[in-house]
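Okay, structure first, notes after.
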Amino acid sequence: MGNRVGIHTALSQHPDAYIYYSSATHYSVKKVIRDSDYVTSIWREDKRPRFAEIPVDEYGCMQIPRLVQQVVRDRDHCTIRGNKHEVILFANIGTTFIGGRDEIKGIRSALRTIGAEVDYIHVDGALDLGFAPDSVSLGPPGLDSRDGLPVVQGLTISHHKAYGIMVSGEVICYSPHTSALPTATPVDSRIIFETWLFQQLYHPEALVATRDYCLANATRLRGSLAALGLETRYNKDCIITVLERIPPWLIRSFHLAPEGDWLHFIAMPHIHPSAVAAFAAALLRVSMHFTAMFNALQAPLSKALGCAIRIKRVRVHDEAIFRDVAEMAGREQRARQQQWDVAAFKRRYVYSTMSFAALSDSDQLLVVFLAEADADKRITPGPVLVQEGQTVNRPLLKEIGLYGFEFLARRLELYGCAAQDIL
Numbered sequence: 000m001g002n003r004v005g006i007h008t009a010l011s012q013h014p015d016a017y018i019y020y021s022s023a024t025h026y027s028v029k030k031v032i033r034d035s036d037y038v039t040s041i042w043r044e045d046k047r048p049r050f051a052e053i054p055v056d057e058y059g060c061m062q063i064p065r066l067v068q069q070v071v072r073d074r075d076h077c078t079i080r081g082n083k084h085e086v087i088l089f090a091n092i093g094t095t096f097i098g099g100r101d102e103i104k105g106i107r108s109a110l111r112t113i114g115a116e117v118d119y120i121h122v123d124g125a126l127d128l129g130f131a132p133d134s135v136s137l138g139p140p141g142l143d144s145r146d147g148l149p150v151v152q153g154l155t156i157s158h159h160k161a162y163g164i165m166v167s168g169e170v171i172c173y174s175p176h177t178s179a180l181p182t183a184t185p186v187d188s189r190i191i192f193e194t195w196l197f198q199q200l201y202h203p204e205a206l207v208a209t210r211d212y213c214l215a216n217a218t219r220l221r222g223s224l225a226a227l228g229l230e231t232r233y234n235k236d237c238i239i240t241v242l243e244r245i246p247p248w249l250i251r252s253f254h255l256a257p258e259g260d261w262l263h264f265i266a267m268p269h270i271h272p273s274a275v276a277a278f279a280a281a282l283l284r285v286s287m288h289f290t291a292m293f294n295a296l297q298a299p300l301s302k303a304l305g306c307a308i309r310i311k312r313v314r315v316h317d318e319a320i321f322r323d324v325a326e327m328a329g330r331e332q333r334a335r336q337q338q339w340d341v342a343a344f345k346r347r348y349v350y351s352t353m354s355f356a357a358l359s360d361s362d363q364l365l366v367v368f369l370a371e372a373d374a375d376k377r378i379t380p381g382p383v384l385v386q387e388g389q390t391v392n393r394p395l396l397k398e399i400g401l402y403g404f405e406f407l408a409r410r411l412e413l414y415g416c417a418a419q420d421i422l
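The sequence shown begins at 0 in numbering that gives the first Met the number 0 and counts up by one.
Structure below.
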């Protein structure tokens with residue numbers, strides 16, 4: 000609702016402008032834009048949409064060079080037809096999965112190098128603005144910054160994400176001509192009262208103190224994850240930490256949200272340092288039992304393969320290992336005349352975080368022991384993959400792998416360890 004009002008307010012002042020937003024923008028923005036026949040230009044002769052979705056980098060931030068390229072194309076299109084090209088920028092300050100922040104100052108500067116200006120900026124505070132009122136400043140178009148903060152003309156604050164109050168969203172916009180925001184329904188007076196009450200309870204200084212508390216817990220978490228060697232991503236001054244997949248039962252236990260190869264841990268105000276410590280301890284326990292299992296398998300597996308080896312877990316962000324494992328699995332599946340689906344393989348055997356591999360001293364992948372696992376703490380050993388050209392005792396390797404998974408099942412209190420041989 001807040002983003003819809005913000006977009007319509009911008010369009011009421013710049014009805015022929017082009018709207019630019021990132022691929023990490025909330026789906027509500029995309030829906031509002033794509034539902035507008037006027038913005039999509041469905042009834043115009045050239046049917047050229049007056050909006051563009053700009054790709055983001057790995058941290059969820061709009062790729063400024065791609066934005067510049069798109070603005071140049073749209074401006075050229077307008078120039079040919081004798082039309083004025085105006086820019087409405089819809090920026091994010093703290094996307095809800097990775098905490099991406101679009102660089103408003105950098106975007107302005109980059110567009111000016113091609114002679115373009117941003118005519119109106121609306122910001123979706125998604126998560127961060129509820130905690131960080133010192134991120135942007137409100138003001139009229141044409142003013143770049145105030146007190147070192149980028150000036151924007153509108154913003155949406157999601158109170159329900161930050162503090163859980165009933166007013167889920169608050170939108171504030173620059174509207175000099177109408178003195179009112181475009182809304183479909185009257186504003187309920189109770190909303191005004193609750194917003195006022197919230198502001199009495201939480202002064203800006205209190206919001207900043209809460210944000211600092213959350214950041215301290217996020218920093219504590221990142222230190223623990225780094226010590227465990229886990230892959231992480233996070234934005235500066237952000238309470239969200241994105242990390243690689245962990246065992247499914249821990250995802251459920253700690254109420255985490257996975258998305259593709261990643262999941263995120265948000266250090267919200269109710270998260271106590273003890274919760275961070277408990278999460279780190281749970282991950283450490285899994286890591287320690289894998290290390291113990293690898294130590295137990297080192298000698299028999301080295302003997303079975305006839306060479307010195309080292310053993311590693313198969314992790315999706317260990318690109319070299321994952322690429323070789325996927326190639327080996329695909330080759331075996333095609334040999335069985337079965338359709339190969341690398342995404343399905345990843346979901347089944349890599350997201351479980353239970354699969355492991357043996358490599359030679361020269362880092363050549365020798366054998367892979369696959370296993371599934373689920374949130375109910377069930378583990379199911381899968382096929383054993385052997386590198387081409389190796390003469391090995393496959394039943395012995397399968398027996399060694401099964402012993403390893405039974406070892407983990409006992410130590411981690413997992414259920415079921417019946418081997419299967421289906422990719």
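C-beta: ideal position from N, C-alpha, C; glycine also. Model, not experiment: these values are computed from the prediction.
- Scanning the stretch 116 to 155 from its first residue to its last, the whole alpha helix (DSSP H) runs of 4-plus residues come out as 127 to 130.
- Here Asn294 is exposed: its Cβ has fewer than 16 other Cβ atoms, across all protein chains shown, within 10 Å.
- Contact check between the stretch 79 to 89 and the stretch 11 to 31: three or more CB pairs, one atom from each, fall below 8 Å, which counts as touching.
- The distance from the Cβ of Gln152 to that of Ile120 is about 6 Å, consistent with a contact at the 8 Å cut-off.
- A contact between stretches requires three or more CB pairs, one per stretch, nearer than 8 Å, and the stretch 189 to 198 fails this requirement with the stretch 215 to 229.
- If you compare the alpha carbons of Gly138, Arg74, Asp123 with that of Glu116, the shortest gap goes to Arg74.
- For Trp261, the beta-bridge partners assigned by DSSP are Glu243, Glu258.
- DSSP places Tyr233 outside both helix and strand once states are collapsed to three, so it counts as coil.
- Where Pro382 is concerned, the enclosing beta strand (DSSP E) starts and stops at 378 to 385.
- In this structure, Ile18 lies away from Val4, with their beta-carbon atoms at least 8 Å apart.
- Separation of the CB atoms of Ala357 and Ile310 is rounded to 5 Å, and the pair is thereby assigned contact status at 8 Å.
- Counting along the chain, the unbroken alpha helix (DSSP H) around Ser27 starts and ends at 26 to 33.
- By the neighbour-count criterion, in which 16 or more other beta carbons inside 10 Å mark a residue as buried, Arg210 falls on the buried side.
- Listed in chain order, the non-local C-beta contacts of Ala307 below 8 Å within the same chain comprise Ser301, Ser359, Asp360, local neighbours out to five positions each way being set aside.
- Distance from the Cα of Ala226 is smallest, within the candidate group Ala279, Thr94, Tyr58, Met327, for Ala279.
- Membership of Val67 in the alpha helix (DSSP H) is indicated by the continuous run 63 to 79.
- Sorting Ile63, Lys83, Gln338 by C-alpha distance to the C-alpha of Arg49 places Lys83 at the top.
- About 7 Å separates the beta carbons of Gly98 and Gly59, which is inside the 8 Å limit, making them a contact pair.
- Here DSSP, grouped into helix, strand and coil, assigns Lys83 to coil.
- The secondary-structure analysis by DSSP pairs Val55 across a beta bridge with Met61.
- In the three-state scheme derived from DSSP, where H, G and I count as helix and E and B as strand, Glu331 is classed as helix.
- Considering only Leu126, Ile399, Arg145, Arg312, the residue with the shortest C-alpha distance to Ser354 is Arg312.
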